[in-house]
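Chain order of the listed sequences is A and B.
Start counting the first sequence at 125; every next residue gets the next number (my numbering).
Start counting the second sequence at 125; every next residue gets the next number (my numbering).
Report on one structure; see the data block that follows.
2 protein chains.
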Amino acid sequence: MDIKHKLTVELGARSYPIYIGTGLLGQAPLLGPHIKGRSALIVSNTTVAPLYLAAVQQALDAGTTRHDSVILDDGEQFKTMASVESIIETLLQRRHDRRSTVIALGGGVVGDIAGFAASIYQRGVNFVQIPTTLLSQVDSSVGGKTGVNHPLGKNMIGAFYQPQCVIADIGTLGTLPARELSAGLAEVVKYGLIYDAEFFAWLEQNIDALKAGDTNLLAEAVLVSCRIKARVVELDEREAGLRAILNLGHTFGHAIETAMGYGNWLHGEAVAAGMMMAIDLSLREGWIDESVRSRASALLQRAGLPVAPPADMTTRQFLDVMAIDKKAVDGSIKLVLLRALGEAFVSADYDQDKLLQTLN
Amino acid sequence: MDIKHKLTVELGARSYPIYIGTGLLGQAPLLGPHIKGRSALIVSNTTVAPLYLAAVQQALDAGTTRHDSVILDDGEQFKTMASVESIIETLLQRRHDRRSTVIALGGGVVGDIAGFAASIYQRGVNFVQIPTTLLSQVDSSVGGKTGVNHPLGKNMIGAFYQPQCVIADIGTLGTLPARELSAGLAEVVKYGLIYDAEFFAWLEQNIDALKAGDTNLLAEAVLVSCRIKARVVELDEREAGLRAILNLGHTFGHAIETAMGYGNWLHGEAVAAGMMMAIDLSLREGWIDESVRSRASALLQRAGLPVAPPADMTTRQFLDVMAIDKKAVDGSIKLVLLRALGEAFVSADYDQDKLLQTLN
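Below is the structure:
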């Protein structure tokens, strides 16, 4: 077990640690202190379970924690209430009480589903995140957003629910398909764009090694990403304002995911294209200069990501979905835009014509 | 509009007022300040909507709040995820955004369903309680417990979610069937038993007038009940300990409701029988004397309530359901018991044989 970094998300009584390193999976001394009660339910999927389920089960056995598991089908299209209900059914059938711990072992979809199930089972049980994808390690496992999709909109059903701890084992990224590693890098690049121009420059230097899977560099990228996310979440846990900057590219990205059908574009891919649209609008407004666009586009492409939406997607499709996006407040569409590299802000005060130009 | 009493549930940033009086329904000046955003969704049921929906709609019209409604079937058997999903479907179809307000207009079932839907729609929207039954005015509308039943257990899916305000219009009790008024009185008697011997004595004096619908006495009973509940919830919002005393009779009661099928015994009726079982066990343990049992039994009977479980219910049925009750922690069944009239405590430290005698 090599814990390279540890940081804490400071949320008062709901504070929790994030462990980043290698060989962390299946370590009873690390996991044990975060298990309450005598039973746990591991939620994973058909891709991740064959690789890592046994290790987590062994860690629980070592702590004499009774455990069950629910193995979901793999994919965003299974991020539904039906999956949540299958978890709750198992918790009830196996008589898990309110001190039981739900453990999410997998990517962002597994974490979102398992976290939401944990938040509503018996009005909330303990929850541990073991993210196994880069995207979930840098984004979805931190900050307490949980939930599922509805046919009429992404993430429309959910809760803010913080885990007991996050165990980010960089070793799991070795088995991650290249396309998913790239999707995770989209969110890493996002942190540079919205909050930290120096980190953006560091990514420009190291993107090839990151894409090739360099463990130490990945651990550092996860650390900086989680640190930025933690800072923003600490200031605005329930997204009354600031936290929305974490959604750079997500309003456009959600529209892409919805229009293409969940699961066809990876979330990170849609966010990459969406971020370029937000940058395009920011540029049209004259808030940033062309160099930001070209640098962002070059970095995302080197990371293996799309920098434009699907060619056949219409302006109408964007507007239809965006009108019920959660960022829509009282009818006007708020967007996350850039006023400089490393500085994002939320605004509904942009030129509607320029938005239409961007969508075209 | 006659606001007879106002009290505040003190929960820091989540504090909210409870208004108790007559003619409160449909008063825009009362409701308006608690509506955020420009839209609201009223959730009611087929019994309550014909009586009071129009009044609430008029209050919203006066404040130029766009509104929709979902009318559920009436009954505990509809307290399901399917009802929650029908509310969320309407919120999405009618494009309610995250500043929308969900208004519960009805009894405890409507409040529990609507509150849970509000808590998970877009990870939480504003919520207003307008309870129209005595049971919901004195119990379920206050304290933030929301949720639905699962075929394997009552209230197994839910959230702690506080409303913006509670509007308890005593006038609505005039249209309440006598059986439901009695069911509400069970919870009123509970507050005397667990917390306030003087209030219990006051109830002994006034039970006939309360049962006959005396408005001023009912307003006072609601006030004292809400005050006790607020105090307990303020000390222990998420039921880490103390709050559990509010569940006097509920573990036995849930078992009765589950065994008989939801909706056949009213919740308050099951709680009344359950409280007598808790008192029986407390008496067998020697913690209280026979006078507490005889006074509780007499008061509950005068309130029109059962004081024993269904004759055909077996010990086995009780134990099966109680083992997955939320009060079961790590396998041992904690129960709320009395050590005196007006003083409840939570314990797993009772004689198992005496429990079996009580169940027999």
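Think of the CB as a built atom: it goes at the ideal place given N, C-alpha and C, for glycine as much as any other residue.
Please read all numbers here as calculations on a predicted model, not as lab measurements.
Whose C-beta lies closer than 7 Å to the C-beta of ALA464 of chain A among residues of the same chain, with five residues either side of it excluded? ILE412
Taking buried to mean at least 16 other C-beta atoms within 10 Å of its own C-beta, is ASN169 of chain A buried or exposed? buried
Is there contact here, the stretch 298 to 317 of chain B with the stretch 384 to 401 of chain B, by at least three beta-carbon pairs under 8 Å? yes
I'd like to know if the stretch 371 to 379 of chain B and the stretch 312 to 327 of chain B are in contact, where contact means that at least 3 CB-CB pairs between them fall below 8 Å. yes
Between the Cα of ILE281 of chain B and the Cα atoms of A:THR214, A:ILE403, A:LYS278, which residue gives the shortest distance? A:THR214
For SER243 of chain A, would you say it is in contact with chain B, using Cβ-to-Cβ distances shorter than 9 Å as the test? yes
is_contact[LYS353 of chain A, chain B] using C-beta, thresh 9 Å: no
Pick from B:CYS350, B:ARG367, B:VAL348 that is closest to VAL356 of chain B, judged by C-alpha positions: B:ARG367
How close, in whole Å, do the beta carbons of LEU305 of chain B and LEU258 of chain B come, if the pair is a contact with beta carbons under 8 Å? 6 Å
Can you tell me the Cα-Cα spacing of ALA402 of chain B and ALA422 of chain B, whole angstroms? 16 Å
Taking a contact to mean a Cβ-Cβ separation below 9 Å, would you say ALA292 of chain A touches ILE142 of chain A in this structure? yes
Contact criterion: CB-CB distance below 9 Å. Does ASN96 of chain B meet it with respect to chain A? This structure cannot settle anything about residue 96 of chain B, because the visible part of chain B is limited to 125 through 484.
Tell me the rounded alpha-carbon separation between ALA432 of chain A and ALA397 of chain A. 5 Å
Name the chain A residues whose beta carbon is nearer than 8 Å to that of MET205 of chain B? MET205, GLU209
How far does the beta strand (DSSP E) with ASP192 of chain A in it extend, from its first residue to its last? 190 to 196
Who are the near neighbours of ASP360 of chain B in its chain, counting only those whose CB is closer than 6 Å to its CB and skipping five residues on each side? LEU366, ARG367
Could one say the Cβ of HIS274 of chain B lies closer than 9 Å to chain A's Cβ atoms, at least one of them? yes
GLN481 of chain B lies in the beta strand (DSSP E); which residues open and close that run? From DSSP, GLN481 of chain B is part of no beta strand (DSSP E) but of the alpha helix (DSSP H) over 476 to 483.
Once you ignore the five residues that flank GLN481 of chain B on each side, which residues in its own chain have a CB closer than 7 Å to its CB? ARG408
Given a limit of 9 Å on CB to CB distance, which residues of the stretch 293 to 318 of chain A reach chain B? none
Which residue from B:PRO174, B:GLN288, B:LEU216 puts its Cα closest to that of SER139 of chain B? B:GLN288
Rounded straight-line distance, which links the Cα of GLU358 of chain A to that of GLY136 of chain A: 9 Å
With 9 Å as the threshold, decide whether the Cβ of ARG463 of chain A is near any Cβ in chain B. no
At 8 Å on the CB atoms, spell out the chain B contacts of ILE212 of chain A, in chain order. HIS274, MET280, ILE281
Give the residues from the stretch 404 to 419 of chain A that approach chain B closer than 9 Å (Cβ to any Cβ), ordered along the chain. none
Look at the alpha carbon of ASP126 of chain B and the alpha carbon of SER224 of chain A, and state the distance between them as a whole number of angstroms. 47 Å
Run of the beta strand (DSSP E) containing THR339 of chain A, from where it starts to where it stops: Not the beta strand (DSSP E): THR339 of chain A falls in the alpha helix (DSSP H), residues 339 to 359.
What are the residues that DSSP puts in a beta bridge with ALA468 of chain A? A:LEU462
Measure how close the beta-carbons of SER265 of chain A and PRO255 of chain A come, nearest whole angstrom, since I'm counting them as under 8 Å. 4 Å
Please state whether the Cβ-Cβ distance between LYS335 of chain A and ALA427 of chain A is less than 9 Å. yes
Run through chain B and tell me which residues come within less than 9 Å of PHE469 of chain A, C-beta to C-beta. Here the premise fails: no neighbours, minimum Cβ distance about 19 Å.
Minimum Cβ-Cβ distance from ARG440 of chain A to chain B less than 9 Å: no
Sequence-distant residues of its chain with Cβ nearer than 8 Å to ARG351 of chain B (five each side left out): LEU131
With burial defined as no fewer than 16 other Cβ atoms inside 10 Å of the residue's Cβ, what is the status of SER418 of chain B: buried or exposed? exposed
Endpoints, beta strand (DSSP E) assigned at GLY199 of chain B: No beta strand (DSSP E) contains GLY199 of chain B, which DSSP labels as neither H nor E.
Please determine, among B:LYS278, B:LEU149, B:LEU405, the residue with the shortest C-alpha to C-alpha distance to LEU459 of chain B. B:LEU405
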